[in-house]
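Report on the structure given below.
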Amino acid sequence: MGPSTVKSLSFYDTFTRRKVPFVPLDKSNIRLYVCGPTVYDYAHIGNARPVVVFDILYRLLKHWFPKVTYVRNITDVDDKINERSRKSGRSIKDITDETTKIFQSDMDALGALTPDVEPRATEHINQMIEMIENLMEKGHAYETKGHVLFNVPSMTDYGQLSGRNRDEQIAGARVDVAPYKNDPADFILWKPSGSDAPGWHSPWGFGRPGWHIECSAMSKMYLGETFDIHAGGIDLIFPHHENEIAQSRCAFGTCRMANLWMHNGYVTVEGEKMSKSAGNFYTVNGLLKDWPGETIRYALLSGHYRAPLNYSIKGLSDAQAALDRLYQAIRISEDNGHHNALPGVSVLDALADDLNTPLALSELHKLAGAVNKASDNEVRNKIRSELIESAKLLGLLDKKSEDWFRRGALKSNSPTSAEIEQLILSRDRAREIKDFKKADEIRDELESMGVTLEDSKNTTTWKMS
RNA sequence: GGCCCGGUAGCAGAGUGGUUAUGCAGAGGACUGCAAAUCCUUUUACGUCGGUUCGAUUCCGGCCCGGGCCUCCA
């Protein structure tokens, strides 16, 4: 082994369909945009995947560069929201405000850092209108019957991200072409609102924006006309990101919107794609009632972000077991001085190579094994610090290990800590007088309450099993 | 129809042209009053048929199987 060398960052770019070295536009400020949620319902585990995966990207970039600006939008104007409002009788603001709050606290529970900016679409209507006017002036958009549409044929190299030409997509279209479109591929920038939908005054009458324009307008506002990385779920490649590119590049006259496009794979349930429309989804909020957020996070990281991830309860319990092992390694030497440790090179390398989180996790386990095996205290503490610093990059192991193992608050029927400590004391007394029958009875009693004891040389610790 | 991904041991899941992934589960052992945790040893692999090669799970091609996208979608 030579001296430890850290690889440079490289990521798979959807646009060029290959792994490319990361070359910042501006080393002093890395600019990252990730498509955020449409706030009308609880986030499901599939919505959480890009949040967690690109949270690691954010952490990694922050480790590499002095400043990163991370923008994740909140889509709070959308026909699905309108429909939810109509059906529930609740106001749109009520729904979007509450859903946003739940989303933020759920993602927080998953250990995702808060983005630097979380712009809401409804607070950027003016920027969108401005951009649409710009597109019209340049001949890329037209108005018809209250709708403003982007004219796809006006952009000669449309379709590069998704790798399909215009004829192909028209030939394969599953949906009838709206009669007001000049070209079947054209898409909506602005549409009219009646009394039943939210709207804003615009040069084209009272209306609301189309789906794609918010990301173009808000990324421009916070990150500029061209920025480093644009990321999101794989299903956003077409049409969402393709159309964002069309809007931004045509409005600004740039040759690219983002330098690098990253997309995470789907989460499946029982091998099938999970989606709100299919109804087969697990919400993060629901999962948090049964599992620590860190476990849910670990499970999301156990597969490579571009590969499909099959979600299962088995996967969660595997993740929990894996975290138990990591926390156990930290636990055996809880209070030692910090060593100003740096993340392990192997962990950094794994993440630097297109966010290889499964490999990074395995390196964490190797470090944990090294901690367990270390005979020298000094060495053990050093590796332990390295483990903790490495895990930070993955947003893991940030709790006190005792808190991790005593996750009692999760289950309402669990005994209190005081009750457990009391029983342990009784058992200790029994053990002192070698009444092992009684000692074992007490342990069995605790076990039946979900508490596992661990005797060490001079003390007994416990954990929730 | 067009385009794009995969198929690795019991499960999950990396990776590599020849050398241990990793976690869980299984087997044996150490430690323990007994356990738990930990440590040691250990059993199951690379869809299929060809090609390139001294050598392929790893590269190339055919085939089989599975999945996704083609204007709701993370």
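Here the first sequence stands for residues 0 to 464, numbered as in numbering that gives the first Met the number 0. Note that CB positions come from ideal geometry on N, CA and C, so glycine has one too. Since we're looking at a predicted model, the values are computed, not measured.
Tell me, to the nearest whole angstrom, how far the beta carbon of A367 is from that of A328; I am working on the premise that it is less than 8 Å. 4 Å
Whether A120 touches E213 by CB criterion (8 Å): yes
Using CA coordinates, which residue listed in P357, F280 and S389 is at the minimum distance from A47? F280
Do you know how far the Cα of I44 is from the Cα of T481? In the structure as shown, the chain begins at 0 and stops at 464. Residue 481 is therefore absent and cannot be evaluated.
Where do the ends of the beta strand (DSSP E) carrying E122 lie? No beta strand (DSSP E) contains E122, which DSSP labels as neither H nor E.
If we count Cβ pairs, one from each stretch, closer than 8 Å, do we get three or more for the stretch 62-78 versus the stretch 203-222? yes
Decide yes or no for the touch test of the stretch 185-192 against the stretch 31-43: beta carbon pairs closer than 8 Å, at least 3 of them. no
Is it right to say A257 is buried, meaning 16 or more other beta carbons lie within 10 angstroms of its own, or is it exposed? buried
Since L393 and A359 should fall inside the 8 Å C-beta cutoff, what is the C-beta to C-beta distance between them, to a whole number of angstroms? 6 Å
Between which two residues does the beta strand (DSSP E) holding N263 run? A257 to N263
Label V22 either buried or exposed according to how many other C-beta atoms from any shown protein chain fall within 10 Å of its C-beta, with 16 as the threshold for buried. exposed
Do Y41 and I101 have their CB atoms nearer than 8 Å? yes
Hey, is L222 close to the ligand ADP, as in C-beta under 7 Å from one of its heavy atoms? Of the ligands one can find in the structure shown there are none, so the ligand ADP has no counterpart to examine.
Starting from I187, follow the beta strand (DSSP E) in both directions and report where the run begins and ends. F186 to P191
Measure the CB-CB distance between D105 and N284 and report whether it falls below 8 Å. yes
Got a sec, what are the start and stop residues for the alpha helix (DSSP H) Y297 sits in? G292 to L300
Of the listed residues I128, P178 and I94, nearest to P208 (C-alpha basis): I128
Please return the same chain residues whose Cβ sits closer than 8 Å to the Cβ of V38, not counting the five positions on each side in sequence. I73, T74, D75, I80, I94, T95, T98, T99 and F102
Within its chain, find whatever has a CB closer than 7 Å to the CB of S425; leave out the 5 residues flanking it on each side and keep chain order. I441
D182, enclosing alpha helix (DSSP H) - first and last residue: That residue, D182, is in no alpha helix (DSSP H); it is neither H nor E in DSSP.
Determine the extent of the beta strand (DSSP E) in which I201 is found, giving its start and end residues. The sequence given here places Ser at residue 201; Ile does not occur at that position. Unbroken run through S201: none, as it is neither H nor E.
Whole-angstrom C-beta distance between H139 and C254, which should lie under 8 Å: Between H139 and C254 the Cβ distance is about 15 Å, and since that is not below 8 Å, they are no contact.
Exposed or buried, E385, counting other C-beta atoms within 10 Å across all chains shown (16 or more means buried)? buried
Let's test the definition: count the other Cβ atoms within 10 Å of the Cβ of G206 and tell me whether it reaches 16, buried, or not, exposed. buried
What is the DSSP secondary structure of A230, reduced to helix, strand or coil? strand
Quick one: what's got a C-beta closer than 8 Å to Q126's C-beta in the same chain, skipping five residues either side? A216, M217, K219 and M220
Same chain, Cβ closer than 8 Å to R453, neighbours up to 5 away in sequence not counted: The question names Arg, but residue 453 is Glu in the sequence shown. Same-chain partners within the cutoff: T459, T460, W461 and K462.
Ordered list of alpha helix (DSSP H) runs contained in the stretch 304-371, each at least 4 residues: 312-330 and 344-351
Quick one, are the C-beta atoms of E241 and W203 less than 8 Å apart? no
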